[in-house]
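Below is one structure, written out as C-alpha cells; the observations come after it.
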Amino acid sequence: MAHRRIGQILVERGALTPEQLASMVAMLPVPGMRFGELCISAGLLGEVELSQALAEQNGLMWVDLGDHRIDEALLATLPADVIYRYRFIPLEYRQDCLVIAVADPTDVLRFDELEMLLGCPLLLRVASESDIASLLKAGEGTRRVLRDVTDDFMLHLVRETDKGEETLSAESLATTDTSPIIKLVNSTLLDALGRRASDIHIETGVQGVMIKYRIDGVLFQANEPIDRQFQSPVISRLKVMSELDISERRVPQDGRFKVRFRDKSIDFRISIMPSVYGEDAVIRILDKESIASEMKGLSLEYLGISPRELPRIRRKIREPYGMVLVTGPTGSGKTTTLYAALTEIHSGEEKIITIEDPVEYLVPGVLQIPVNEKKGLTFARGLRSILRHDPDTIMVGEIRDAETAMIAVQSALTGHLVFTTVHANNALDVIGRFAHMGIDPYNFVSSLNCILAQRLVRRLCRKCRRPVRPKPEELQDAGISPEQCGEAVLYEPHGCETCNGTGYLGRSAIVELLECNDMIRDLIINRATVARLKQAARQQGTIFLREAAVEKLLAGETSLREINRVTFVE
1 MAHRRIGQIL
11 VERGALTPEQ
21 LASMVAMLPV
31 PGMRFGELCI
41 SAGLLGEVEL
51 SQALAEQNGL
61 MWVDLGDHRI
71 DEALLATLPA
81 DVIYRYRFIP
91 LEYRQDCLVI
101 AVADPTDVLR
111 FDELEMLLGC
121 PLLLRVASES
131 DIASLLKAGE
141 GTRRVLRDVT
151 DDFMLHLVRE
161 TDKGEETLSA
171 ESLATTDTSP
181 IIKLVNSTLL
191 DALGRRASDI
201 HIETGVQGVM
211 IKYRIDGVLF
221 QANEPIDRQF
231 QSPVISRLKV
241 MSELDISERR
251 VPQDGRFKVR
261 FRDKSIDFRI
271 SIMPSVYGED
281 AVIRILDKES
291 IASEMKGLSL
301 EYLGISPREL
311 PRIRRKIREP
321 YGMVLVTGPT
331 GSGKTTTLYA
341 ALTEIHSGEE
351 KIITIEDPVE
361 YLVPGVLQIP
371 VNEKKGLTFA
381 RGLRSILRHD
391 PDTIMVGEIR
401 DAETAMIAVQ
411 SALTGHLVFT
421 TVHANNALDV
431 IGRFAHMGID
441 PYNFVSSLNC
451 ILAQRLVRRL
461 CRKCRRPVRP
471 KPEELQDAGI
481 SPEQCGEAVL
491 YEPHGCETCN
501 GTGYLGRSAI
511 VELLECNDMI
521 RDLIINRATV
531 ARLKQAARQQ
541 GTIFLREAAV
551 EKLLAGETSL
561 REINRVTFVE
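Reading the sequence shown from the start, the letters are residues 1 to 570 in full-length UniProt numbering.
So, in C-alpha cells, the structure goes:
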C-alpha cells in the first residue's frame, strides 16, 4: 500500500478523473508544492479528500476532527508548546503509546524527533490540515499553553513607518522577551483571539486585576484576579505597544497597535481610562484575516436578517443614488451590514470607495481609505477628496460631525449612492440626530433612501438548547401574548463544550427598516410627532426591533432573556 502513488489512489476513490490526474502530473514539478497541494490549489481536490487518500496510502486510520475537543487533562501531560511546534492533535494514551492526528504522515524524521522528545511511541492517525489548524487555534487548555509559550510563538509588535512596517525587537522596547508581564499580555491577546473575543477588558478593583473577554456581545471573566501590584506594569506595557505617554495617568488615552503572529497581522485599538484604583484598559480586536475568511461569500442572508426584510433592503441598496443609513449602538454589526450590501452590489462595473476608521476587512476591487487624524485625514476631508475620484458608490464608516453629514447629504443629492452609519437608538431617532447637526430637513429627506436600525441577538447553541415553558407573568412582562406564542416551542440556554458553556453560539441580526417614500418625507419636513411617524412607518410595512426580536424567539433561535437584554417593550 505504501508504494502506491497518491494520484492513483485519488482516481480509484473518485476524487480525480484520469484526465485531471494527467493534467496535474504534467504541471509537476512545482517548486515548494507537492502533488496533493497542487491539486488543492487548482480547485480539483478538497483537504478532506487528500487526507483520506494519504491515510489509505500509508495504511493508517483517518479521523474526522470536526467536532473534536482537545482533552485538557491529556494536554497537561505534554510540554507546553509541543503541539504547536509539531502541529498535531493528541487523541488518547493507549497501551503506553500516544495516539495523535497529523496532516502529513510521511514526515518520518519529524515523528522520530517527537517520539524522542515525548519519550513514548506514537500511533498515527490522519486528519485534514484545516481541522488540525482550527483545533490548534481554539483548543481547550490554550491558556496554560500560552502562558508558557516559547519565544518562537511570541507575538511580534509591528510599528508602521513611512517606509512600510517595521517589526520591533525586544531590545528596541528596552525590555526582554522573558518578562512575565510581556508573557501575560501576549498570552491574553492570543487566548482572546482563540476564543472569538471582540474586546478585552482589563479592570482593577478591590480584589485585584480582572481580565474579561467580550464574546458575542457579553463579558466573560477570563481568569482569576491578578494581584494589584501587576496593574501598573500591564497598563504600561500596553502603552508602550500603543506609543502612548507612560508618565500620564490622570487623563484618558486612546491608541492602536499591530502585532504579527506567524504570518498573520492583527490590529488592536486601545482605550485607557483613569479610575480610583489606577487605570483600566479596553482593547478592541480587529483580526482582519480571520474576518475575511469567515466572510467569504458575505451576504445579507449570512447576517441572519429576516427573509421578509431582504427584498426591501436589496431594493434600496440597488437604487442608483441616495443615502442608505444604518444605525445602532457600538458593536451592533452596522459596518458588517454595509460590507454585505457592498459585496452584493459589487459587480466591477462601478467605482466603489470607502473611508473607514479603521478599515476592518478588505474587499477585492474596492478602494478602501483608512482615516488618519494624526496626519489630518478626517472623514470630512477624505470624503471631499473621494468626490474628486469619480466614485459611483461611497461608504462612509461613520458620520460623527455636521461637516461630514453635510458632505454625505450633498453627495447623495448629486448622483452618488452613499452607505453610512450613525449612532442612534432606532430608525426615527436618526432624524433627530441630523436635525441636531443643523442639516436642512428638506435636503436630508430628499437624499434619504432608507434607515436601517439594527441589533445583534445571540443564537442559542443548537446542540444544548432545551425547551422551556415561561410563566404567564414572564410573557406578560415581555409584552408577548399567548396568541402570539401559539404552538411555538421556546428554548433556553444550557451550555456544552461546543459553546464553551455559555449556551449561545454566534449572533444574528434583527433589523427595523424605515423606507423613505413621499408620505414619510412629508411628515419629516412638517415635523410630525414620533407617534405619527411610527404609525405611517407601520402602514408602510416597517417591523420594529422588538417585534423582530420576538420573531427570533418564537422561531427557536434565541431566548426570552436575550431579547429582553437587547430590546425592550415600548
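The beta carbon of each residue, even a glycine, is placed where N, CA and C say it ideally should be.
CB contact flag (residue i, residue j, <8 Å)
i	j	result
Asp267	Pro358	yes
Phe379	Val396	yes
Leu342	Phe419	yes
Ala509	Leu456	yes
Arg466	Glu492	yes
Leu38	Leu28	yes
Glu557	Leu452	no
Val409	Ser447	yes
residue 589	Leu65	The structure shown does not extend to residue 589, since the chain spans only 1 to 570, so no value can be given for it.
Tyr339	Leu298	yes
Leu60	Leu124	yes
Leu136	Tyr84	yes
Option nearest residue i by Cα separation, candidates the options
i	options	result
Ala76	Leu38, Tyr321, Glu92, Val63	Glu92
Lys351	Ile6, Thr393, Gln454	Thr393
Glu203	Gly14, Leu244, Ile283, Glu113	Ile283
Arg507	Glu373, Glu47, Glu301	Glu301
Gln207	Gln484, Tyr277, Asp67	Tyr277
Thr567	Glu512, Met519, Cys516	Glu512
Leu184	Gln221, Phe220, Arg94, Ile226	Ile226
Asp199	Cys97, Ile70, Gly331, Val82	Gly331
Leu490	Met241, Arg462, Cys516, Gly501	Arg462
Arg538	Met61, Leu514, Ile285	Leu514
Cys499	Phe88, Val326, Asp216, Leu118	Asp216
Leu114	Phe88, Asp96, Ile132	Phe88
Ala424	His436, Pro311, Leu417, Ile246	His436
Thr354	Arg34, Pro329, His416	His416
Val131	Ile70, Pro18, Val234	In the sequence under discussion, the amino acid at residue 131 is Asp, which differs from the Val named in the question. Checked all of Ile70, Pro18, Val234; the closest Cα to Asp131 is Ile70.
Gly365	Leu377, Asn372, Gly348	Gly348
Arg195	Leu505, Ser446, Val324	Leu505
Glu344	Gln410, Asn526, Phe257, Leu310	Leu310
Ser236	Ile270, Leu118, Arg260, Ala478	Ile270
Ile563	Gln535, Leu523, Gly501, Asp477	Asp477
Gln484	Arg250, Pro307, Ala548, Ala133	Ala548
Alpha helix (DSSP H) segment containing residue i, residue limits
i	result
Arg315	310–317
Asn449	From DSSP, Asn449 is part of no alpha helix (DSSP H) but of the beta strand (DSSP E) over 448–460.
His436	427–436
Gly382	379–387
Glu492	No alpha helix (DSSP H) holds Glu492; the beta strand (DSSP E) holding it covers 490–492.
Glu19	18–27
Arg85	82–86
Glu356	Unbroken run through Glu356 is the beta strand (DSSP E), 352–356; no alpha helix (DSSP H).
Cys496	Cys496 -> no alpha helix (DSSP H), and no H or E assigned at all.
Residues of its chain near residue i, where Cβ-Cβ distance is below 6 Å and the 5 sequence neighbours each way are ignored
i	result
Met273	Pro252, Asp280
Leu428	Val530, Leu533
Arg546	Thr567
Arg5	none
Gln231	Thr204, Val209, Gly278
Ile9	Ala53, Glu56, Gln57
residue 571	Residue 571 lies beyond the range of the chain shown here (1 to 570); nothing can be said about it.
Ala488	Leu554
Leu244	Gln253, Gly255
Residues bridged to residue i (per DSSP)
i	result
Phe419	Val324, Met395
His201	Lys212, Val282
Arg125	Met61, Ala101
Ser275	Gly278
Ala509	Leu456
Ile524	In the DSSP output, where bridge partners are listed per residue, Ile524 has none listed.
Tyr339	None; Tyr339 has no bridge partner.
Tyr504	Leu460
Gln253	Ile272
Continuous beta strand (DSSP E) stretch holding residue i: start and end
i	result
Ile6	Taken as a continuous stretch (DSSP letters only), Ile6 belongs to no beta strand (DSSP E), being part of the alpha helix (DSSP H) at 6–12.
Gln221	218–221
Gln368	367–370
Pro90	89–94
Val468	466–468
Nonlocal neighbours in the same chain, by C-beta distance under 8 Å from residue i, ignoring five residues either side
i	result
Glu474	Leu560
Ile407	Ala380, Leu383, Arg384, Leu387
Ser51	Trp62, Ala103, Val126, Ala127, Ser128, Glu129
Ala402	Met437, Gly438, Ile439
Beta-carbon proximity list for residue i, same chain, < 7 Å, skipping 5 on both sides
i	result
Pro233	Ile181
Pro18	Val11
Gly328	Lys334, Ala453, Gln454, Arg455
Asn449	Lys316, Glu319, Gly322, Met323, Val324, Cys516
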